[in-house]
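Under my numbering, think of the first position of the sequence shown as 3, with each following residue one higher. Every residue gets a Cβ at the ideal spot worked out from N, C-alpha and C, and that includes glycine.
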Amino acid sequence: MSTVLSLLLLQAGPGSADRIERVTVFADRAEVIRRSRVSCVDGFAKARERGLPSGLVVDSVRAEGVGRFKTLGIAMREEEQKQEPPEELVLDEGAELRDRLDANERDSQRLAELGQVFSNATSHALSNGKADFAAWTKILDQLLDRRKAVARAHAEVLRARAELDRARAQKGGDDVRPFAPRTWAADVSVDCAGESTAELLLSYVTSGAGWVPEYDFRFLPESDTAGKGVLVVGAVVRQSTGESWDDVELSLSSARPKLGGVAPRPAPLVLSAESKDDQGKVLVQGSVQYVALTEPMRSTPPEEELAQPIDDRGNVFVLRVPGRASISPDGRPNWIPTGVVSAPATVRLLAAPSKSKRVFRVASFVNPSPHPLVRGRMRVFRGDSFLGNTQCDFRAPGERMEVSLGFDDELRVRRLSLGSSDERAGALSSTRRLERTYRITVENASPAGATIEVQEPIPVSQIEDVSVEVLPKTTRGHAFDAARGFLSWSLNVGPGKSTDVTVAYAVSVPDDWRIE
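Structure below.
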């Protein structure tokens, strides 16, 4: 029993080299890895990790010995952070209750430590054929009796404190002190493998952390139509876990740990029918947004930013921050660059007269990043000039992308309707025909000529009974993007000159359809 007695006298303490070493941040949580070193007694040690965050997911806590060291078990408990009471409450009844509660917490911690050490010692003795069941039974009975006494005392203190708080609240007591915030503590038992000290890693997942992507794009012009695009891939990281991440290895993951669970099973498909009044068919026009940097992007509150999932299109990736990083626990945003890439970029002038009277400069380049760019805010620069914020949509590696560089003040575009017609079905036809005609004028007030790409949308039919036709009076020389329904012209407009194009199309629908 000498081994058992010496282990029962062991005082567990925090590791002398306890520090947070690595952190992986997900969209709405983080995985933290701590490294610590503890002293060993008779071949065993107990590492006490205190001040773990209140948002810790207990089931995620894991301990691992480094090298030859082996972890034998881990015990978790909640702790109340110690706070100094106000001066006027030092001598009152509340202070006395807090002293009793602190003493009770110390007793409870000591019993938990003794129980864990006793368990490790008996396992060690059994493996060496030195079992002493009579002595062990006596020690276990003493531990159980003491635990019951501590539990009763703890319940009495909590009842007394609740009664005191209710009494103060009834008096309108502004001096009612709320319960102190609670944290977690972990006691890890370690087999030291004959060494005087042992090293271990403690990992856990906690809420109160997250990141959102944020990019810087800088266009460095080399000519009027070409240059280099420099893309800084970064992220805004926030954490309010209650523990400081000082000089840590930081990684950012697009994985969503809360997803997963049980695999789905298909349900039976049942076909049925019911009678409804015949409302006839309706032709409805919709539009798909094709957005450039026409207006500043609306800001999103920080708490909503972190609540939004990272849209990685199922391509989970991890960004590793170069070097080491420090993130304060106060919830403030920390912008952290993770890499800088560049690619050749071409610039063209683009006009969408159905959306804006402005002519925009647009940089086009291939995503040079080795991983996808997920949806996030992008700050745009031209040289040293800040142009504004825009939204970067998902782009796979190598996928072509466009970024607007603002508009040109000396170029304008106007769009004028030249009329429309609606021909009803006649004796020889059961089809209704709708025609639309527009004139688009591009004006160049600059002292130099300009080549401008004009894009005009026309309807795209997704129904066999409806057809769309580009009419012959449409200005020739256009390109047609059938998938998106764009007619495009590349117009050379001289200095101080203007150029017109005409757009005309017809939509044919069955006469019995209603049009909205």
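Paired residues, beta bridge with residue i - DSSP
| i | result |
| --- | --- |
| Asn369 | Partner(s): none; Asn369 has no beta bridge. |
| Pro215 | Ala237 |
| Arg379 | Glu216, Gln393 |
| Gln457 | Ser490 |
| Thr501 | Val444 |
| Lys48 | Ser191 |
| Val509 | Leu436, Val470 |
| Leu103 | In the DSSP output, where bridge partners are listed per residue, Leu103 has none listed. |
Straight-line gap, residue i to residue j (C-alpha atoms, nearest Å)
| i | j | result |
| --- | --- | --- |
| Asp332 | Gly67 | 32 Å |
| Arg334 | Arg397 | 28 Å |
| Ala452 | Ile22 | 58 Å |
| Pro512 | Gly421 | 22 Å |
| Asp514 | Glu466 | 15 Å |
| Val25 | Thr501 | 59 Å |
| Arg108 | Arg50 | 13 Å |
| Thr433 | Met403 | 41 Å |
| Pro55 | Glu82 | 11 Å |
| Ala237 | Ala188 | 32 Å |
| Ser225 | Val343 | 21 Å |
| Ser38 | Leu222 | 48 Å |
| Ser490 | Ala211 | 46 Å |
| Arg258 | Ile76 | 27 Å |
| Gly69 | Glu33 | 22 Å |
| Leu436 | Glu425 | 6 Å |
| Gly196 | Phe46 | 8 Å |
| Leu103 | His156 | 7 Å |
| Val1 | Ala123 | Lying before the first or after the last residue shown, residue 1 is absent from the chain, which here runs from 3 to 518. |
| Arg381 | Phe482 | 32 Å |
| Ser256 | Ala29 | 7 Å |
| Arg100 | Leu233 | 56 Å |
| Leu204 | Asp20 | 10 Å |
| Glu98 | Cys194 | 41 Å |
| Ala114 | Ala162 | 25 Å |
7 Å Cβ cutoff met for residue i and residue j
| i | j | result |
| --- | --- | --- |
| Ala347 | Phe319 | no |
| Ala353 | Val364 | no |
| Ala200 | Phe71 | yes |
| Thr443 | Ala506 | no |
| Phe206 | Val43 | Checking the sequence shown, residue 206 turns out to be Tyr, not Phe. Contact flag unset, no. |
| Val235 | Gly325 | no |
| Thr477 | Val503 | yes |
| Pro459 | Ser356 | yes |
| Leu329 | Gln241 | Going by the sequence as given, residue 329 is Ile instead of Leu. Result yes, Cβ atoms of Ile329 and Gln241 sit closer than 7 Å. |
| Glu245 | Gly378 | no |
| Leu321 | Leu254 | yes |
| Ala65 | Gly231 | no |
| Ser525 | Arg31 | With the chain covering only 3 through 518, there is no way to say anything about residue 525. |
| Val376 | Phe219 | no |
| Ser463 | Val472 | no |
| Ser110 | Val152 | yes |
| Val239 | Asn336 | yes |
| Lys359 | Arg441 | no |
| Leu493 | Ile454 | yes |
Residue i beta carbon near the ligand FAD (any heavy atom closer than 6 Å)
| i | result |
| --- | --- |
| Val405 | Among the components of this structure there are no ligands whatsoever, and the ligand FAD is therefore not found. |
CB-CB length for residue i against residue j, believed under 8 Å
| i | j | result |
| --- | --- | --- |
| Pro399 | Asn369 | 6 Å |
| Lys48 | Val159 | 27 Å between Cβ atoms; not a contact. |
| Glu412 | Asn446 | 7 Å |
| Val192 | Leu74 | 7 Å |
| Val349 | Gly496 | Their Cβ separation, rounded to whole angstroms, is 20 Å, which puts Val349 and Gly496 out of contact at 8 Å. |
| Gly498 | Pro461 | That pair is no contact at about 36 Å. |
Environment of residue i [buried if 16+ CB atoms lie within 10 Å]
| i | result |
| --- | --- |
| Gly53 | exposed |
| Thr243 | buried |
| Gly479 | exposed |
| Asp249 | exposed |
| Glu80 | exposed |
| Gln418 | First, the residue type needs correcting, since residue 418 is Leu and not Gln in the sequence shown. Exposed. |
| Ala275 | Confidence at Ala275 is low in this model, with a pLDDT of 44, below 50, so its placement is unreliable and the value that follows should be read with caution. The residue is exposed, with fewer than 16 neighbouring Cβ atoms inside 10 Å. |
| Thr139 | exposed |
| Pro374 | buried |
| Arg36 | buried |
| Gly117 | buried |
| Arg184 | exposed |
| Ser371 | buried |
| Leu146 | exposed |
| Phe135 | exposed |
| Phe388 | exposed |
| Thr227 | exposed |
CB contact check: residue i to chain C, cutoff 7 Å
| i | result |
| --- | --- |
| Arg414 | The structure shown has no chain C; it contains just one protein chain. |
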